[in-house]
Each structure stands twice: as C-alpha cells, then as structure tokens.
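**Q**
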DNA sequence: ATGACTGATGGAATCAGA
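Numbering (the numbering used here), first residue to last: 198 to 456.
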C-alpha cells in the first residue's frame with residue numbers, strides 16, 4: 198500500500214499536474230495540502246473520474262486539505278484539529294482507509310518569528326501533539342502526513358545557516374517536531390535514507406529547483422504499530438521540474454499492507 | 001535587508017507562502 202502527501206499550492210491551478218501524477222504513480226492514498234479553494238470549488242468530479250474518492254476541507258484563498266483514496270471511500274474520522282473551536286483555518290483531516298488511520302495536516306508556516314503567527318504555529322503544534330498521542334494510544338496503525346513546515350535538522354536544508362531565525366527552523370519548531378519522534382513516531386523518509394540529502398520543497402524564485410536549493414518539510418510519520426511494515430519511502434522529484442509545478446514535491450511511503 | 005516567483009482575489013494591487 199502506498200500513501201503519499203503532496204502540497205499542491207492551489208488545487209485549481211494544479212488539477213492537471215495532480216491528475217497526471219495520480220495516473221502515473223497510483224498511490225492508494227493521497228493527502229493534499231494548500232487547496233486554496235472554498236469548499237464548493239473542489240474539483241470532485243475530475244478526481245472521481247480518475248478513480249479516487251475524496252474528502253476535503255476547503256477555505257477561501259488559503260489553506261485547505263484533502264484525503265483521496267483509490268477506489269474506496271475514505272471513512273472520515275475528524276474534521277479540523279481538535280482543541281480550539283475558534284480556530285477557523287482548514288488545516289487538518291483524518292480518515293480511515295483500508296484499516297489505517299490517515300491524518301492529513303498542513304501545519305502553520307509561522308513567519309515572521311517571533312510574533313502572533315509564530316505563536317499560532319506553536320499552539321497548533323501543542324494541539325497536534327495531544328491528538329497524535331490519542332491516536333497512538335488507540336493502538337491503531339496511524340500515518341501522520343503532510344506539510345509540517347519544519348526543517349527537522351541541518352541536513353534538511355540546502356543552507357541551514359540561512360534559516361536559523363526562520364519559523365521553519367527555529368529551535369522551538371525543531372523541538373516540537375522532535376517531540377513527536379521522541380514519543381515513538383517514525384520519520385519514514387529519514388528512517389529509510391539516513392544520510393541522504395532529500396528535499397520536498399523548492400522555492401519558485403531564483404531557480405531553486407535547478408540549483409537543488411531545497412528544504413525537507415513534508416513528512417510521513419508512522420505509529421509504532423505500522424513502523425515494522427515500512428518497505429520504502431521517497432519523493433517524486435521530477436514532478437517539481439514540469440510545467441506549472443507546485444513548489445512542493447510529492448512524497449510517499451510504501452507499506453507491507455494489503456491495499 | 002531586499003528581491004525574485006506564484007496563486008487567489010477581483011478585476012489592480014495586495015496578501016501569503018517558506
């Protein structure tokens with residue numbers, strides 16, 4: 198079973214590239230972030246024609262997440278990150294697919310830091326810690342995947358010294374990510390590629406992709422129950438080099454699990 | 001420190017992204 202995550206940076210602008218990628222790689226589950234579309238503008242028909250059943254949480258202009266399952270309806274578990282009813286940003290969805298609990302997240306960017314946006318990021322992270330622990334305690338096989346907006350370590354940035362003051366790389370952000378790993382979640386890409394330079398984001402500006410000036414900020418974290426089933430993980434790097442690409446690269450895990 | 005790119009909104013210029 199293959200589970201992928203892809204920050205599409207606008208489902209409207211990216212529908213062609215998304216359908217091509219789905220057709221080529223046939224993930225069993227695809228988690229999408231940054232739909233940048235209101236609920237009613239999600240291209241449900243086109244995605245169903247491609248063989249995928251979607252659930253989604255939209256929002257005008259910004260954010261927005263979706264979970265697509267190939268040939269089966271995702272069973273929605275949670276809509277929106279629990280813990281703050283006043284939070285109106287569409288950044289979190291959970292669904293069960295083939296007996297695996299899939300959490301799709303788009304963690305706040307947090308810049309500029311310090312400031313209210315960084316405070317929101319850290320508060321969001323705390324709520325996420327709480328929810329992640331509940332899921333782990335349930336004993337179910339779980340994948341937490343999406344755009345974490347965290348550069349975990351120095352090897353995950355092309356020039357780490359340029360990011361030390363940035364919300365993606367500040368000590369608070371890294372510590373919050375590390376806390377997940379300490380709790381027992383497995384960073385699937387790093388686990389399967391301990392020393393490799395792997396990036397999942399390239400800025401549109403100054404030919405970042407051509408210079409391989411990237412960041413690794415999209416992550417798939419496996420619960421201890423699921424970790425032994427990890428067979429492979431990687432990125433669909435070439436997708437970033439096509440016409441009208443997202444600035445993020447699709448990222449995936451392959452699990453020894455019946456699809 | 002700034003700018004360059006891109007998408008959405010709204011129908012120009014601005015915000016947000018990372």
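Where a beta carbon is used, it is the ideal one built from N, C-alpha and C, also for glycine.
Keep in mind that this is a model prediction, so the values were computed, not measured.
1) Inspect the beta-carbon positions of residue 389 and residue 414 and report whether they are closer than 7 Å.
2) Would you grab the beta carbon distance between residue 305 and residue 318 for me? Rounded to a whole angstrom, and I think it's under 8 Å.
3) Among 276, 339, 292, which one has its Cα closest to the Cα of residue 285?
4) What are the boundary residues of the beta strand (DSSP E) that includes residue 251?
5) Return the Cβ separation of residue 278 and residue 289 in integer angstroms, given the expectation that the two are a contact with Cβ distance under 8 Å.
6) Below 6 Å CB to CB, which residues in the same chain sit around residue 421 once its five sequence neighbours on both sides are set aside?
7) Are three or more beta carbon pairs between the segment 227-236 and the segment 252-264 nearer than 8 Å?
8) Kindly indicate the opening and closing residues of the alpha helix (DSSP H) around residue 316.
9) Among 316, 207, 412, 225, which one has its Cα closest to the Cα of residue 449?
10) Per the DSSP calculation, residue 262 is bridged to which residue(s)?
11) Which word fits residue 282, buried or exposed, when buried means at least 16 other C-beta atoms lie within 10 angstroms of its C-beta?
12) Would the beta-carbon of residue 343 fall within 7 Å of that of residue 250?
13) Apply the 10 Å Cβ neighbour rule to residue 435 and answer buried if 16 or more other Cβ atoms are within range, or exposed otherwise.
14) Comparing C-alpha positions only, which one of 274, 393, 301, 220 sits nearest to residue 203?
15) Nearest-angstrom Cα distance between residue 430 and residue 404?
16) For a test of the three-state rule: what should DSSP assign to residue 429, helix, strand or coil?
17) Alpha carbons only, please: which of 213, 316, 427 is nearest the one belonging to residue 443?
**A** On the basis of the data shown:
1) Not closer than 7 Å, so no.
2) Yes, residue 305 and residue 318 are in contact; Cβ-Cβ is about 4 Å, under 8 Å.
3) Among 276, 339, 292, the Cα nearest to that of residue 285 belongs to 276.
4) Per DSSP, residue 251 belongs to the beta strand (DSSP E) from 249-254.
5) Between residue 278 and residue 289 the beta-carbon gap is near 4 Å, inside 8 Å, which marks them as a contact.
6) Setting aside the 5 residues that flank it on each side, residue 421 is surrounded in the same chain by 381, each with a C-beta closer than 6 Å to its C-beta; the list follows chain order.
7) With three or more CB-CB distances shorter than 8 Å, the segment 227-236 counts as touching the segment 252-264.
8) For residue 316, the enclosing alpha helix (DSSP H) starts and ends at 313-334.
9) Ranking the options by Cα distance to residue 449, first place goes to 225.
10) Bridge partners of residue 262: 230, 254.
11) Exposed: under 16 other Cβ atoms inside 10 Å.
12) No, the Cβ-Cβ distance between residue 343 and residue 250 is not below 7 Å.
13) Around the beta carbon of residue 435, fewer than 16 other beta carbons sit within 10 angstroms, so the residue counts as exposed.
14) The candidate whose alpha carbon is nearest that of residue 203 is 301.
15) The straight-line gap separating the alpha-carbon atoms of residue 430 and residue 404 is approximately 26 Å.
16) Reduced to three states, the DSSP call for residue 429 is strand.
17) Nearest option by C-alpha distance: 213.
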